[in-house]
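Here numbering that gives the first Met the number 0 is used: the first residue of the sequence shown is 0, the next is one more, and so on.
For glycine and all other residues, C-beta sits at the position ideal for the given N, C-alpha and C.
Notes to accompany the following structure.
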Amino acid sequence: MIKFGVVGKAALCGAVVARGVYEGARRRRGPGAARWRRSNHAGRTVDLYAGPAAAAGTALALAGTSALPPKARAAGALAVVAAGACGAYDDFAGAGDSRRGFRVHLGALRRGEVTSGAVKLFGVGAAAAVAGAVVKERPLDKALAAVVIAGSAHLVNLLDVRPGRAAGAVLALSAPGLVRRDAAAVAAVPMGAAAALIADDLAERTMLGDTGAHALGAGLGLAVVAGNGRAGLALHAAALVGTALVMDARNHLCE
0 MIKFGVVGKA ALCGAVVARG VYEGARRRRG PGAARWRRSN HAGRTVDLYA GPAAAAGTAL
60 ALAGTSALPP KARAAGALAV VAAGACGAYD DFAGAGDSRR GFRVHLGALR RGEVTSGAVK
120 LFGVGAAAAV AGAVVKERPL DKALAAVVIA GSAHLVNLLD VRPGRAAGAV LALSAPGLVR
180 RDAAAVAAVP MGAAAALIAD DLAERTMLGD TGAHALGAGL GLAVVAGNGR AGLALHAAAL
240 VGTALVMDAR NHLCE
C-alpha cells in the first residue's frame, strides 16, 4: 500500500521550501537584482527566482524523504542540484544566445567553442549517469536510468516556452507516479515544488528558466526511475530520445 503520510510530507516539503526560497528572493534588493530580470515571450518583465526556488524545493525534499535508501536520496538530490546549476549557467552565461538543439552545440564544440548549451548537455548527462548508477543495480538499468533522468530534464526545459507550461507538465507527468508504491513519494516531490510556483508563473511574475525546468525535470526522471523496471525504463528512454531528436530536427529546420 502507498504510505500517504510519506507522500504528503514529500509534497509539502517540496512546496514549502520552494515557496520560501521564492518569497525570500523576491524581497531581495540591491544592484544585482537586475540580473534576475528577463523579458518573456510577450515582452513582459519577469524574474528568474522561480528557478532556484524549484531546484531547492526539489533537492531538499528528495534528500529528506524516507522513500529512498540514503545513497539514492543523496544521488537524486545531487542530480537535481547539478541539473539546476547547469541550467543556471545557461540562464546567465548563455543569455542572449538563441542557438538551440544538440547538433548546433555539438557543432560549435567541434569548432572549439564551448557553448553554455554544451555545458548543460554534458553536465546534466554526467549528473544523471551518477544518479542512475546509484539508484539501479545492473549495468543496463543504470544506463537506461541515466537516459531517463537526463531526458526528462531536457523535455521539461523544452516545454518552458509559455507561462505555466513546464510546471503544468511536471504536475501532469508526475501524477501517474502517485499510484506506484515505490515512486509515489518521489513523484510528489517535484509536484509539490511545481505547485507552489505555478500561480506566479501563470501570472507572468516569474519564470522557471533553465534552472527550474532542468531541476524539476531531473526530479521527474528520478520518480520514473524509482517506479519502473527495465521494460518501463526502456520505453520511457525510447520516448524521451525520440522526442529530443524530433525537436532537434525541428529547431534545425527553423533556423
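Local conformation of residue i per DSSP, three classes
i, result
"Thr205", "strand"
"Asp199", "helix"
"Met0", "Residue placement at Met0 is flagged as unreliable, the pLDDT there being 42, under the threshold of 50; a coordinate-derived value is accordingly withheld."
"Ser38", "strand"
"Thr44", "strand"
"Gly218", "helix"
"Gly7", "helix"
"Ala255", "The question about residue 255 has no answer here: the residues shown for the chain are numbered 0 through 254."
"Ala273", "Limits of the chain in this structure are 0 at one end and 254 at the other, which puts residue 273 out of reach."
"Ala182", "coil"
"Gly231", "helix"
"Arg26", "coil"
C-beta atoms of residue i and residue j nearer than 8 Å
i, j, result
"Val240", "Leu232", "no"
"Gly86", "Ala165", "no"
"Ala236", "Val133", "no"
"Thr242", "Tyr48", "no"
"Gly218", "Thr114", "no"
"Ala187", "Ala10", "yes"
"Pro162", "Ser173", "no"
"Asp209", "Asp46", "no"
"Arg179", "Gly226", "yes"
"Gly50", "Gly211", "yes"
"Thr44", "Arg36", "yes"
"Ala128", "Ala182", "no"
Contact belief for residue i with residue j at Cβ below 8 Å, rounded distance in angstroms
i, j, result
"Ala73", "Ala195", "The Cβ separation is near 23 Å, so there is no contact."
"Leu170", "Ala193", "5 Å"
"Ala184", "Val16", "At roughly 15 Å, the Cβ-Cβ gap does not stay under 8 Å, so Ala184 and Val16 are not in contact."
"Arg83", "Gly150", "The sequence given here places Gly at residue 83; Arg does not occur at that position. Incorrect: roughly 16 Å between the Cβ atoms, too far for contact."
"Leu55", "Val20", "Per the sequence presented here, residue 55 reads as Ala, with Leu not at that position. Contact flag correct, Cβ pair sits at about 5 Å."
Problem set entry | Minimum length 3: unbroken beta strand (DSSP E) runs contained in the segment 102-177 | Complete beta strand (DSSP E) runs here, min 3: none at all.
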